[in-house]
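There are 2 protein chains.
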Amino acid sequence: MTVISDMRDTASRRERSVDRIIHILEFLHGHGEGIRVGALAKALNAPRSSTYTLVNDLTQAGLLEIASDDQRIFFGKRMYLYGLNYIRENSLAKRARLEVDRLAKETGETSEFCMLQSGRYTIMYMRPGNRPFRISSAVGLQIPIPWTASGRLLLAGKSRAEIEELIADEDLVLPDGRRIAIDDFIRAIADAQRDGYCLTKGLVDAVTQCLAAPIYGADGHVEATICLVLPVDLSEEQLGALRDRLLQSSRMLSTQ
Amino acid sequence: MTVISDMRDTASRRERSVDRIIHILEFLHGHGEGIRVGALAKALNAPRSSTYTLVNDLTQAGLLEIASDDQRIFFGKRMYLYGLNYIRENSLAKRARLEVDRLAKETGETSEFCMLQSGRYTIMYMRPGNRPFRISSAVGLQIPIPWTASGRLLLAGKSRAEIEELIADEDLVLPDGRRIAIDDFIRAIADAQRDGYCLTKGLVDAVTQCLAAPIYGADGHVEATICLVLPVDLSEEQLGALRDRLLQSSRMLSTQ
DNA sequence: GACGAGTGTCCTGTATACAAGACATTTGTC
DNA sequence: GACAAATGTCTTGTATACAGGACACTCGTC
């Protein structure tokens, strides 16, 4: 039965609106900007009429909004408000947010709280430091796992096969065009697991290094990370002090 | 036809899952904390079996999460990530966020960006100031409109009937038990509209005053507000300077 | 001004998603 | 340890939500 249902052509069959909604939201998230309803239907390979009614319903509920100028639809105010509930009430997120604020204040450096969600790496919360840095507005965006120190920690404990399965080939290419060898990457994951932290230099850009520490869940696996975004030209002592402070936060958040 | 459909008993009829989903999310937002599936179904007067399948679908999609300890469901990570898209991409929200950060930095005072959504007042974004204040974590929560200076501006231009319609009776009662007379409230709205800003003292608590300025939309109505949360014991000059600075932000955000 | 491509709305038949209810477990209380 | 009140899963029939397609508009483009 499952075999048949898995095999049948998914292209054109009646679909529940729940699934349609989930697909719409996931598409918009990946797309990153507004899209007209017609184009949305085409992109999802969904019937136009159904898409129109669904989008209208979601828009009326405020989950989506239609740009008044070009009629493109995108996430709405309500979606934002609903989402805030998560970061406010979720136990780990709540504690992590406070700790990131504290860490940024004490060290003066940009601090972040990061997680993996369905194989994608995301900065969940960030507090900028005192340095006159470019403000990265990457909060909430999906970032290739190999680009980050946190990513190496989050994959700790996974087998080579799992890792290869999880990492898309193009994600191994850095913004400047360099390519990370998969063997180096897997070695870095093992190192990070052994050391209990991870430091990466000049990955996303040449002037920053990233120092990340794991946050362990109840079952002992790495549930999230907390990390510092630093300039590359720090002394060994400075870096060591920051690492000790970061590991303190890491332990604090790991112990339930 | 519409009359009949409006009149029929809404309690027990087949409902589309879109509507069920919207009701679930809206309920959770109002409820403010997790709830078991059974209780959710009862609260929404929805069939248990449908509620289970829907909640399971939404949980698998990450829009909802089930607390591992007591099986309560609440908003999930994905919902948060989707919501971040709004604040990142929405034109007004994007500009307002930057301006709030700038305002907080320049003045050293807690600054907020507020909106009305389906008759409820909400702090959309906040940046705390330098004062050792209690941090209000009311971002994203629904707050009674009469408790706030921004609320008075957001109702500008509405008729008495509309205002009475919009304000629930219990919302006129302040946290300390005092009750705002509806006539005073309506007068305050007119004053705020005339002055182009609004100052309220000791409404939510005795030691703070709130200074709010309107952000006008393309059609000339008050679309949002930007405001400062201040201690009550400021001098006239200090207050005047802050007001001028705030009105500058207000104009900046109003002009598309 | 004819044409193709797109948008948004409405109608209709039927495949199927939903509601109801049964069942096996778990949980808490006396 | 008996009982009531939950939870979570599964099956089934039928009311209806969805897909398809038609229609009337609005664009640009040649």
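Residue numbers (this note's numbering), protein chains in the order written: chain V, 1 to 256; chain E, 257 to 512. Even glycine gets a Cβ: it sits at the ideal position worked out from N, Cα and C.
Practice problem: Determine the DSSP secondary structure at V274(E), reduced to helix, strand or coil. | Solution: helix
Practice problem: Taking only the alpha-carbon atoms, compute the straight-line gap between L228(V) and T110(V) and give it to the nearest angstrom. | Solution: 6 Å
Quiz item: If you measure beta-carbon to beta-carbon, which residues of the stretch 323 to 349 of chain E are closer than 9 Å to chain V?
Solution: A323, S324, F330, F331, G332, K333, R334, M335, Y336, L337, Y338, G339, L340, N341, Y342, I343, R344, E345, N346, S347 and A349
Quiz item: Got a sec? Which residues, its chain only, sit under 8 Å from G202(V) by beta carbon, not counting five neighbours each side?
Solution: T208, Q209 and V232
Quiz prompt | C-beta atoms of E112(V) and M252(V) nearer than 8 Å | solution = no
Quiz item: Does the Cβ of S5(V) have 16 or more other Cβ atoms within 10 Å, making it buried, or fewer, making it exposed?
Solution: Caution applies to S5(V), whose pLDDT of 33 falls short of 50 and renders its modelled position unreliable; the value that the coordinates give is listed next. The residue in question, S5(V), is exposed, as its Cβ has fewer than 16 Cβ neighbours within 10 Å.
Quiz item: Q117(V) versus chain E: which residues are under 8 Å apart at the beta carbon?
Solution: G318, K333, R334 and L337
Exercise. Assuming A67(V) and G34(V) form a contact by the criterion Cβ under 8 Å, report the distance between their Cβ atoms to the nearest whole angstrom.
Key: 5 Å
Self-check item: Cut-off 6 Å between Cβ atoms - residues of its own chain near L103(V), not counting five sequence neighbours on either side
Solution: S111 and S249
Self-check item: Helix, strand or coil at R383(E) according to DSSP, with G and I counted as helix
Solution: strand
Quiz item: Under a CB-based cut-off of 8 Å, is H221(V) close to chain E?
Solution: no
Practice problem: Specify, as a first and last residue, the run of the alpha helix (DSSP H) that S111(V) falls within. | Solution: No alpha helix (DSSP H) contains S111(V), which is instead part of the beta strand (DSSP E) from T110 to Q117.
Self-check item: C-beta contact flag for I436(E) and A352(E) at 8 Å
Solution: no
Exercise. Would you kindly work out how many angstroms separate the C-alpha atoms of D451(E) and L239(V), rounded to a whole number?
Key: 53 Å
Quiz item: How long is the line joining the alpha carbons of F330(E) and E170(V), rounded to whole angstroms?
Solution: 35 Å
Exercise. With 8 Å as the C-beta to C-beta threshold (strictly closer), list the residues of the stretch 9 to 29 of chain V near chain E in chain order.
Key: R16, S17, V18, D19, I21, I22, L25, E26, L28 and H29
Quiz item: Going along chain E in order, which residues have a C-beta closer than 7 Å to the C-beta of T122(V)?
Solution: L337
Exercise. Drop a sphere of 10 angstroms on the beta-carbon of L298(E), count the other beta-carbons inside from all chains shown, and report buried for 16 or more, exposed for fewer.
Key: As written in the sequence, residue 298(E) is Lys, which differs from the Leu given in the question. By the 10 Å Cβ count, K298(E) comes out exposed.
Quiz item: Expressed to the nearest angstrom, what Euclidean distance is found between the alpha-carbon atoms of C114(V) and S150(V)?
Solution: 7 Å
Exercise. Out of L141(V), N85(V), D19(V) and D184(V), point me to the one whose CA is closest to G30(V)'s CA.
Key: L141(V)
Quiz item: Among S17(V), R72(V) and D70(V), which residue has its Cα nearest to the Cα of A46(V)?
Solution: S17(V)
Quiz item: So, using beta-carbon positions, are V222(V) and L154(V) closer together than 8 Å?
Solution: yes
Quiz item: What residues in its chain sit with their C-beta under 8 Å from that of E536(E), if we drop five residues either side in the sequence?
Solution: Shown here, chain E extends from 257 to 512; a query on residue 536(E) therefore has no answer.
Exercise. Note down, in chain order, every chain E residue with its Cβ under 9 Å from the Cβ of L54(V).
Key: V274
Exercise. Name the residue from R48(V), T148(V) and L58(V) whose alpha carbon lies nearest to the alpha carbon of L279(E).
Key: The displayed chain sequence assigns His, not Leu, to residue 279(E). Looking at the Cα atoms, L58(V) is the closest of the given residues.
Self-check item: Neighbour list for E289(E) in chain V, Cβ cutoff strictly below 8 Å
Solution: E89
Quiz prompt | DSSP-derived helix/strand/coil call for L253(V) | solution = helix
Quiz item: Does DSSP classify V460(E) as helix, strand or coil?
Solution: coil
Quiz item: At a Cβ threshold of 8 Å, is D440(E) touching chain V?
Solution: no
Quiz item: How long is the line joining the alpha carbons of T378(E) and E89(V), rounded to whole angstroms?
Solution: 17 Å
Quiz item: Which runs of the beta strand (DSSP E) spanning at least 3 residues fall entirely within the stretch 400 to 483 of chain E, listed in chain order?
Solution: 454 to 457 and 464 to 472
Self-check item: Beta carbon proximity, D191(V) to chain E, threshold 8 Å
Solution: no
Quiz item: Does DSSP put L54(V) in a helix, a strand or coil?
Solution: helix
Exercise. Could you have a look at R269(E) and say whether DSSP puts it in helix, strand or coil?
Key: coil
Exercise. With a threshold of 16 other CB atoms inside 10 Å of the CB of K361(E), please say whether the residue is buried or exposed.
Key: exposed
Self-check item: Contacts that D313(E) makes with chain V (C-beta to C-beta distance below 9 Å)
Solution: R16, V18, D19 and I22
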